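A.B. asks:
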Amino acid sequence: MMPNVRESLDEWKFKEAECALRYVHLRQYQKQVLIDQTDSFDVVTPARRRLEPRYTDAMVEIRYGGYSVSREDCYGLIIDEDTVLTLAQCTTNHGKRATFVMYMGNERNTVVNHYNHPGYREEQYYNNIGLLKVRSRFVFFGSFVPFCIWHENDLADSIVELTGHGRRDLNYFSLHNASVDVFEPQNFQLIARANVIPINKCSYPEEFSKNLSNGLTGEHLCFGNEDYLVPETCQQAAGGPIGGKKFKFNKQFRYAYALNSFGRDCGFGRAAVGVRFSSHIGWLQSVLLPDHRKDSGSVHFLHSELEENDTCRHVDGAPGLCVEATRCPKIRYDFSANRQVVFCQTSTVVCCPYENMVNETTISGRELDECADRIKANGTTDSYVYPTAMYNRDCEALEEGLSSNQLCVDVQPHDTKVSLGDLLFWSEVMDDGTQVQYLVGIMSHVTAGDRTVNVHSRISSYYKYGKTSIIKPAFGQTTYLREFAHMAAIGWTQPDGTITWNCGGSLIWENYILTAAHCVEDAQQNAPDVARFGDLDLFNATDNQYAQQLKIVEIIRHPEHRHRDRYHDIALMRLEREVMLHDTVAPACLWTDDEIRFKQFEATGWGDTGFAAEKTPILLKVALSPVANEKCNVHYLNLRGLRNGLHTNQLCAGDVRMDTCPGDSGGPLQVKLLHNTRETPFLVGVTSFGLACGLSVPGVYTRVAPYVPWIRSVLKDRGENATEWNFQPQACALRYAKYREFEPRVLLHKSQDSEQIDLSEAHLFSTASRQLAAIHWNGTDDSEQNDCFGVIVDDIELHNGTNCTQHRNETPTEHLCFGAKPFLVPSTCHQSLGGPLEREVGRFGRSLPYVYALNLAGRDCGYGESALGVRLASHLVWFNSILFPQRVKEDPGEAFIFLNNDLEEGDTCAVDGVGMGVCTSAVNCPRMLYRFQQNQPVRFCGSGSVLCCPREDVRNALDSEWREIDSCATRRNSEEEDFDPRRHMVSLDLSQGIETQTCIGTMISNRTFLTAASCLEGKGTLKYVTLDNREIQMVALMVVEKVTVHPEYDSTTKRNNIALITVMHRTEIAFGKSPICLWSNQTHTPFYLEQVGLTGRLLIISGLTHNQHTAIVLLLVEEPSLGPALAFTKFNSDCDRTFRRTLDEHELCVDVEQLPYMDTIEVDEGMPAFWKGRGNGNYLIGIASHSAPNDSSVFLHTRVAPYVGWIKSVL
């Protein structure tokens, strides 16, 4: 098999990238980076290179519902707090819409809206531009700021920067002093610099011509470089920015000129093309700045303290509400006309006077808003005359008392006849040549002084009335199917067969309605006989698809209710049969707790829309806040039927503008509670009575909780399974969970037939923190519910909340307040006191769990009402004093380090006791860096990071050995799926005459192996390292180049028992071996380890001897083989007695778990102990030195972490 292996290796070596890297030290520099050149050296500058590894902070990756990224990666750039600009082809990928974006490592944000240029067509490179709106606002800081958009056709520079990605090893700046033999093919982000090329000279790859039926146009930006690239060096980031930097206002701004559209190799060799923003500014403004006309240059200030739905004051002092600008056409128009407006917290939320506010669900209002986008014409056949509008003051002589809502018009020619009601239009010519016609006025009358001058009613003065919803007086909002699936309309059938709907109710059982007792009869003492569900508009058949109408066969009024009083106003109505459960018809749950913590309720009904107003045909909802009975009583002191004032079984709720009205009686006062990513409605009250609606006086509702026992008894008496458990909130919520709506934040897209959700956005997850630990006390039952928890911060430390150990008085600054807006169904979530408040943060290419605080106090995990945690940051000093005690005091003689300011990096210097050296970065001189860590003398140059290094010890950025160790954790462990310790182990065969002894070595780089120094002591000569590969039945012998035993190794005490073996040639991957990462944390060591040893299976044979004692015989039935066994670390102090001496910090005590009579395990010197990092990488922790004198299960290891510096210095 060896010839095949060699053939495959040769083929691999001839790949373009690997060949280029192997001989990179022999190649010439790119001319742009070359400053000067002599026979002996080159002077170069990396600043002029055309490719630079650099991360673009404000660029996002676009994902389409999964976590993996396809070959057709798409990107975009952040241009404001909630907007990503990208290619139109990237908003949808193979029919799947973009669902979220990734940025800043592992941060994600859900996409909620998609916009494509109306002129874009799939598979074409014209108008290829789109926008994504995200759910959560980006928080900008430091270099993470949005791009500015370049508006002009002429660019600021002839050289542009574009984003791309390419192989890591092909983009390091090479110092040309070593061959690259450690390849790193992983992709990472790049910035490429390219020249702008005129369109008529743009030579892009022919393969893209099929998508350019009309060739390149003015919307395209052509760019490129003459040089070709080694394959895989740079690929464009489709949708990524092409731009530059410009100084304005004494600051540097990043501008984006275009988006990466198509091309190869980032435009190197053959040109690439982007789509210019300047060609699409009009469309961008139409989406991002509705009704944009012309920027006046004025400055608008944002009121950061005003959030959406807060009350505010308009510029003229009129009261209003902070709402989305789309709901306030007057303010949008004022802004477009450069009038002063008041912004709230963001530029999309404005202070809107109440009278100008538009219900966002009003169809007619949206139709008026969207008119200009929908209705365009290329021409018209109508006959027009062309009048001229006059200033009203010029008409005063002709018509007295003209008001601002009238328009004076001079009609030409004068003999034109204009009739009452004739329309006055104005046509706006758009950029594409089409026209949009606007209605400006309606003919009212002619002026008394001049028959050729007409007075029109000015449409702009009445526009707001055309948009205002019919529900304005009570400020209700329209509802949609499924939103209130329990809502029932209660009706009375009239003699003519029509039905009068005068009350509402709530479906609480599949054949029972809960309503108000005063709804059991009308003014003529007739009882209701019909109930209707699943219908929003009671007088329109267009939404009857899911409607269900059933007869009421029994009415059960509360026994204590009296018609002359307003107490116990609650009743049940039994239906002829059970409803058909559906998303649009399903029972609500009952709130059974006397305590009501909710901050806001919703009430629904078909009642009056205001005082003395008509009933609404459409189901409306209002948002109400609870009002204490003591405050509410003031409004009802002398009300008939309320002789004892408000009862504890009644509650009040109201709002400044919203209210329930006559006709809403019996309807629900409800809240929606979260569970299982769904929202279940819970009835808190039943609409009972109030004063005239719309007067800002709280309404009165009957509490549901006190009547739940009565409701259960009524149902049980009629044969229903109304057990106490069935009425528990959690039981009810689960019973109808499949019919409930998803919580809004997981809902990506909703249509009549389907819903698209993203469960990763859910408030609650079923997975627990992996760092959570339960705390138990002696004498308690482990099965009891835990009251206290802690968070694991390393393998031996546990932190918990202070109230679990002792009570302490801390300052308020140590507290962290947290919570979420929705309330939960009871028992959905209880805080783990002392548990972590955490999140994962991207660091060093990984996702790391960070703990901010410990759970301290609160209910329902902070949902609905905020909870408290204790910040760890406030206690870092104490925290560090326990976890990181000072082990060695600084040497007073070495307290000061003197810098030689005359020596700069690259200067020649003298190394004490060695000879001449060169000033270089400390990270490139591991030998001197190790000496410094050991408090040995080191000479520094001009700064604390530059030291004098012997020339033979200088390592450059491409040095293979020690850089391979540094990059191991992020490179190899991400490639390994299953941990197999044999992949990292080799045999060290020591020959002495005809005898051979074997030790185990552990591979830490492609040429270096680690073992115990005692393995090599007096056992013969080590000539080869043996690599065996069981998968292909191959054994390879690697010739040893050198053996390095630690200089302080003591063969008597076995201290510093570590050695390095270096072979002459690197180990090829085909040998089935790979290096393991070195654990470098000197203060903390993992608890559970995988200890390699010789294991074998024992067979137990037992019987009775003549003296009646049991004899046990152990037989080894399997050949011993190398394999891992579970082990755990022990405190060195616990092992001092076992080893009869005090252990040093560089030694590690390990206890191997050995099952009696089942397995044997023999650990010999040099055998490794690993840690499986559970997705965070696998590491070598220690090398076995020897076992304890009286306990074969306890072994002493040489801890690897303290020797990492020494290992790198040797390499």
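Each residue of the sequence shown is one higher than the last, beginning at 29 in the numbering used here.
We put the CB at the ideal spot given by N, CA and C, even for glycine.
On a predicted model such as this, the values are computed, not experimentally measured, just so you know.
Tell me the residue span of the alpha helix (DSSP H) that contains T1166.
C.D. replies: Taking the first residue of the sequence shown as position 1, residue 1166 is located at position 1138. Looking at the DSSP string, the run of the alpha helix (DSSP H) that includes T1166 is 1160 to 1167.
A.B. asks: State buried or exposed for G747, treating a residue as buried only when at least 16 other CB atoms are found within 10 Å of its CB.
C.D. replies: Looking up residue 747 in the sequence shown gives position 719. It is exposed - the Cβ of G747 has fewer than 16 other Cβ atoms within 10 Å.
A.B. asks: Can you tell me the Cα-Cα spacing of V343 and R355, whole angstroms?
C.D. replies: As a first step, residue 343 must be located in the sequence shown, where it is residue number 315. As a first step, residue 355 must be located in the sequence shown, where it is residue number 327. Between V343 and R355, the C-alpha separation is close to 18 Å.
A.B. asks: So, at 8 Å on beta carbons, what are the nonlocal neighbours of H675 in its own chain, with the 5 sequence-adjacent residues on each side left out?
C.D. replies: Taking the first residue of the sequence shown as 1, we reach residue 675 at position 647. Taken in chain order, the residues that qualify are Y595.
A.B. asks: Contact criterion: CB-CB distance below 9 Å. Does G633 meet it with respect to chain C?
C.D. replies: Absence of chain C from the displayed structure is noted, only one protein chain being present.
A.B. asks: Quick check: L1224 and L1176, are their CB atoms within less than 9 Å of each other?
C.D. replies: As a first step, residue 1224 is located in the sequence shown; it is residue number 1196 there, counting from the start. As a first step, residue 1176 is located in the sequence shown; it is residue number 1148 there, counting from the start. It is a contact, given that the beta carbons lie within the stated cut-off.
A.B. asks: Label W178 either buried or exposed according to how many other C-beta atoms from any shown protein chain fall within 10 Å of its C-beta, with 16 as the threshold for buried.
C.D. replies: Against the sequence shown, residue 178 aligns to sequence position 150. Counting Cβ neighbours within 10 Å, W178 comes out buried, since at least 16 surround it.
A.B. asks: Does DSSP put A733 in a helix, in a strand, or in coil?
C.D. replies: In the sequence shown, the residue the question calls residue 733 occupies position 705. Helix at A733.
A.B. asks: Starting from C1027, trace the beta strand (DSSP E) in both directions and tell me its first and last residue.
C.D. replies: Here residue 1027 corresponds to residue number 999 of the sequence shown, with the count starting at 1. Start and end: 1023 to 1031.
A.B. asks: Between the region 230 to 237 and the region 129 to 136, do three or more beta carbon pairs fall short of 8 Å?
C.D. replies: The region 230 to 237, when compared against the region 129 to 136, does not touch it at the 8 Å Cβ threshold.
A.B. asks: With a threshold of 8 Å, are at least 3 pairs of Cβ atoms found where one atom belongs to the region 698 to 709 and the other to the region 747 to 763?
C.D. replies: These segments touch.
A.B. asks: Are the beta-carbon atoms belonging to N199 and C262 less than 9 Å from one another?
C.D. replies: Taking the sequence shown and counting its residues from 1, the one referred to as residue 199 is at position 171. Taking the sequence shown and counting its residues from 1, the one referred to as residue 262 is at position 234. Yes, they are a contact pair.
A.B. asks: Apply the 10 Å Cβ neighbour rule to M686 and answer buried if 16 or more other Cβ atoms are within range, or exposed otherwise.
C.D. replies: Counting from 1 along the sequence shown, the entry for residue 686 is found at position 658. Burial call: buried.
A.B. asks: Give me the Cβ distance between A616 and F710, rounded to the nearest whole Å; I'm assuming they're in contact under 8 Å.
C.D. replies: Position 588 of the sequence shown, counted from the start, is the residue given in the question as residue 616. Position 682 of the sequence shown, counted from the start, is the residue given in the question as residue 710. Right, the Cβ-Cβ distance comes to about 7 Å (below 8 Å), so this counts as a contact.
A.B. asks: Which word fits F296, buried or exposed, when buried means at least 16 other C-beta atoms lie within 10 angstroms of its C-beta?
C.D. replies: Taking the first residue of the sequence shown as 1, we reach residue 296 at position 268. The residue in question, F296, is buried, as its Cβ has 16 or more Cβ neighbours within 10 Å.
A.B. asks: In chain order, what residues of the same chain have a beta carbon less than 8 Å from the beta carbon of Q758, not counting five sequence neighbours either side?
C.D. replies: Locating residue 758 in the sequence shown gives position 730, where the first residue counts as 1. Answer for Q758: H703, V853, P854, S855, T856, listed in chain order.
A.B. asks: How about Y1231 and I1086: do their beta carbons lie closer than 9 Å?
C.D. replies: Within the sequence shown, the letter at position 1203 stands for residue 1231. Within the sequence shown, the letter at position 1058 stands for residue 1086. A contact, by the Cβ cut-off of 9 Å.
A.B. asks: Among Y466, C889, M471, Q463, which residue has its Cα nearest to the Cα of V437?
C.D. replies: Counting from one through the sequence shown, the residue named residue 437 turns up at place 409. Considering only alpha carbons, the answer is M471.
A.B. asks: Classify E247: buried if its beta carbon has 16 or more other beta carbons within 10 angstroms, exposed otherwise.
C.D. replies: Position 219 of the sequence shown holds residue 247. Per the 10 Å Cβ criterion, buried.
A.B. asks: Quick one: residues in its chain with C-beta nearer than 7 Å to the C-beta of V88, no 5 flanking neighbours on either side, listed in chain order?
C.D. replies: Working through the sequence shown from its first residue, we reach residue 88 at position 60. Within the same chain, V88 has close Cβ partners Y103, G104, I106, V112, V129, M130, Y131.
A.B. asks: Can you tell me whether T936 is buried or exposed? The criterion is at least 16 other CB atoms within 10 Å of its CB, across all chains shown.
C.D. replies: Here residue 936 refers to the residue found at position 908 of the sequence shown. Classification of T936: exposed, given that the 10 Å Cβ count is below 16.
A.B. asks: In or out: Q727 buried (at least 16 other Cβ within 10 Å) or exposed?
C.D. replies: Taking the first residue of the sequence shown as position 1, residue 727 is located at position 699. The amino acid occupying residue 727 in the given sequence is Gly; Gln does not appear at that position. With 16 or more Cβ atoms within 10 Å of its Cβ, G727 is classed as buried.
A.B. asks: Between which two residues does the alpha helix (DSSP H) holding C47 run?
C.D. replies: Taking the first residue of the sequence shown as 1, we reach residue 47 at position 19. Run containing C47: 44 to 50, per the alpha helix (DSSP H) assignment.
A.B. asks: Looking only at its chain, what residues have a beta carbon closer than 7 Å to the beta carbon of C380, apart from the 5 residues adjacent to it on each side?
C.D. replies: Position 352 of the sequence shown, counting from 1, holds the residue named residue 380. The residues are G348, L349, V351, R355, C356, I359.
A.B. asks: Identify every residue that forms a DSSP beta bridge with N141.
C.D. replies: In the sequence shown, residue 141 corresponds to position 113, counting from 1. Looking at the DSSP assignment, N141 forms a beta bridge with K161.
A.B. asks: Using the C-alpha atoms, what's the distance from N530 back to G713?
C.D. replies: For the purposes of this step, residue 713 is taken as the residue at position 685 of the sequence shown. For the purposes of this step, residue 530 is taken as the residue at position 502 of the sequence shown. Computed Cα separation, rounded: 18 Å.
A.B. asks: Count the other CB atoms, across all protein chains shown, that sit within 10 Å of the CB of G1131; report buried if there are 16 or more and exposed otherwise.
C.D. replies: Translated into the one-based positions of the sequence shown, residue 1131 becomes position 1103. Confidence at G1131 is low in this model, with a pLDDT of 41, below 50, so its placement is unreliable and no value can be given for it.
A.B. asks: By the DSSP assignment, the beta strand (DSSP E) with I541 in it spans what residues?
C.D. replies: Taking the sequence shown and counting its residues from 1, the one referred to as residue 541 is at position 513. Taken as a continuous stretch (DSSP letters only), the beta strand (DSSP E) holding I541 covers 540 to 543.
A.B. asks: Let's see if you can read the secondary structure: which residues bound the beta strand (DSSP E) around V712?
C.D. replies: Working through the sequence shown from its first residue, we reach residue 712 at position 684. Note, V712: beta strand (DSSP E), 706 to 717.
A.B. asks: Give the DSSP-derived three-state secondary structure of E80 in the structure shown.
C.D. replies: Here residue 80 refers to the residue found at position 52 of the sequence shown. If DSSP states are grouped into helix, strand and coil, E80 belongs with the strands.
A.B. asks: How big is the Cα-Cα spacing for K778 and P772?
C.D. replies: Position 750 of the sequence shown, counting from 1, holds the residue named residue 778. Position 744 of the sequence shown, counting from 1, holds the residue named residue 772. When rounded, the distance between both Cα atoms is 11 Å.
A.B. asks: What is the rounded straight-line gap between the Cα of F1159 and the Cα of S1213?
C.D. replies: In the sequence shown, the residue the question calls residue 1159 occupies position 1131. In the sequence shown, the residue the question calls residue 1213 occupies position 1185. When rounded, the distance between both Cα atoms is 17 Å.
A.B. asks: Whole angstroms are fine: how far does the CA of H142 sit from the CA of T427?
C.D. replies: Within the sequence shown, numbered from 1, the residue matching residue 427 stands at position 399. Within the sequence shown, numbered from 1, the residue matching residue 142 stands at position 114. The question names Thr, yet the displayed sequence has Glu at residue 427. One C-alpha to the other measures close to 52 Å.
A.B. asks: Taking 9 Å as the threshold (C-beta atoms), are Q859 and G892 in contact?
C.D. replies: By 1-based counting over the sequence shown, the position of residue 892 is 864. By 1-based counting over the sequence shown, the position of residue 859 is 831. The answer is no: Cβ separation not under 9 Å.
A.B. asks: Could you tell me the boundaries of the beta strand (DSSP E) in which I106 lies?
C.D. replies: Working through the sequence shown from its first residue, we reach residue 106 at position 78. Here the beta strand (DSSP E) through I106 covers 102 to 108.
A.B. asks: Hey, out of L665, V1238, Y83, D110, whose CA is closest to S375's CA?
C.D. replies: Counting from one through the sequence shown, the residue named residue 375 turns up at place 347. Here the closest residue by C-alpha is D110.
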